[in-house]
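In our numbering, the protein residues as written are 176 to 269.
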């Protein structure tokens, strides 16, 4: 039996991920803008953190997508870089 290299998401994982993303932005964006942080930078920061936390949670905790703590730490670092880069592209370069 051949195992696929693609990560399989189910609808519950997608709901958890998007709930983390939406709640992070809805709750903390008004707080950051209230402190005088630029709205675009607040969106960039919160979207990066929300996607980083949501994707790491779904893949590491819900799906058990790691074999050792070192692999999990590297995975979290790579996910953080990719989420930050993609949010920067979407907010500032689009």
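Glycine is no exception: its CB is placed at the ideal position from the N, C-alpha and C atoms.
(message) If you measure between the beta carbons of residue 204 and residue 230, is that distance less than 8 angstroms?
(response) Cβ atoms of residue 204 and residue 230: not closer than 8 angstroms.
(message) Quick check on residue 259: does DSSP put it in helix, strand or coil?
(response) In this structure, residue 259 counts as helix in the three-state DSSP scheme.
(request) Can you tell me which of the three DSSP states residue 206 falls into? (result) In the structure shown, residue 206 sits in a helix (DSSP, three-state: H, G or I).
(message) Just to confirm my understanding: we take residue 215, look at its own chain, exclude 5 residues before and 5 after, and list those with CB closer than 8 angstroms. What are they?
(response) Excluding positions up to five away in sequence, the list reads 266, 267.
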